[in-house]
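Asks:
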Amino acid sequence: MIRRRSQYSFSSAATDPVRLVSASAVVIFSRRSCFLCHAVKQLFRGMGVNSMVYELDEFPELERLLLAGSAAVPVVFVGGKLVGGIESVIASHIGGTLVPLLKEAGALWL
Numbered sequence: 001m002i003r004r005r006s007q008y009s010f011s012s013a014a015t016d017p018v019r020l021v022s023a024s025a026v027v028i029f030s031r032r033s034c035f036l037c038h039a040v041k042q043l044f045r046g047m048g049v050n051s052m053v054y055e056l057d058e059f060p061e062l063e064r065l066l067l068a069g070s071a072a073v074p075v076v077f078v079g080g081k082l083v084g085g086i087e088s089v090i091a092s093h094i095g096g097t098l099v100p101l102l103k104e105a106g107a108l109w110l
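The structure is reproduced here in structure tokens:
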């Protein structure tokens, strides 16, 4: 299951990205039109991970704070720690370090 934040339920937390990434075990900052974002969301969904997704197209102020001019999405945090983009997530998954990280964060129960 993927939870999404809409602009109508988004609070002043937009000014505090640290609070956003620590609010859920897995947080993905994404854009709706990004196929790599879709792939990383599908990976976590397929693993049974319930991630919080923030679609940056809806929150330009948050995008400015997080990406600082970079167009690199997705940005994935697990347990409040930056994992990185899709390359880092896939490399961690292939290398066998992603599942233990997800378990440690409480995002995966197996």
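Per full-length UniProt numbering, the very first residue in the sequence shown carries number 1; after that it's consecutive. Beta carbons are placed, not taken as given, at the ideal position from N, Cα and C, and that holds for glycine.
Fully enclosed by the UniProt domain "Glutaredoxin" (26-83), which beta strand (DSSP E) runs are 3 residues long or longer?
Replies: Segments of the beta strand (DSSP E) lying fully in the UniProt domain "Glutaredoxin" (26-83): 26-30, 51-55, 75-78.
Asks: Are residue 107 and residue 49 close, meaning C-beta to C-beta below 7 angstroms?
Replies: Within the sequence shown, numbered from 1, the residue matching residue 107 stands at position 107. Within the sequence shown, numbered from 1, the residue matching residue 49 stands at position 49. Going by C-beta atoms, residue 107 is nearer than 7 angstroms to residue 49.
Asks: Does the Cβ of residue 61 have 16 or more other Cβ atoms within 10 Å, making it buried, or fewer, making it exposed?
Replies: Numbered from its first residue, the sequence shown carries residue 61 at position 61. Under this definition residue 61 is an exposed residue.
Asks: List the whole-angstrom C-beta distance separating residue 30 from residue 41, where the pair is believed to meet the contact cut-off of C-beta under 8 angstroms.
Replies: Position 30 of the sequence shown, counted from the first residue, corresponds to residue 30. Position 41 of the sequence shown, counted from the first residue, corresponds to residue 41. With 8 angstroms as the limit, residue 30 and residue 41 qualify as a contact, their Cβ atoms being about 7 angstroms apart.
Asks: In three-state terms, what does DSSP make of residue 109?
Replies: As a working mapping, residue 109 is identified with position 109 in the sequence shown. Correct three-state label for residue 109: coil.
Asks: Look at residue 78 and residue 21 and say whether their C-beta atoms are less than 7 angstroms apart.
Replies: If you number the sequence shown from 1, residue 78 lands on position 78. If you number the sequence shown from 1, residue 21 lands on position 21. Contact flag unset, no.
Asks: I need the boundaries of the alpha helix (DSSP H) containing residue 88, first residue and last residue.
Replies: Counted from its first residue, the sequence shown places residue 88 at position 88. 86-95 is the extent of the alpha helix (DSSP H) around residue 88.
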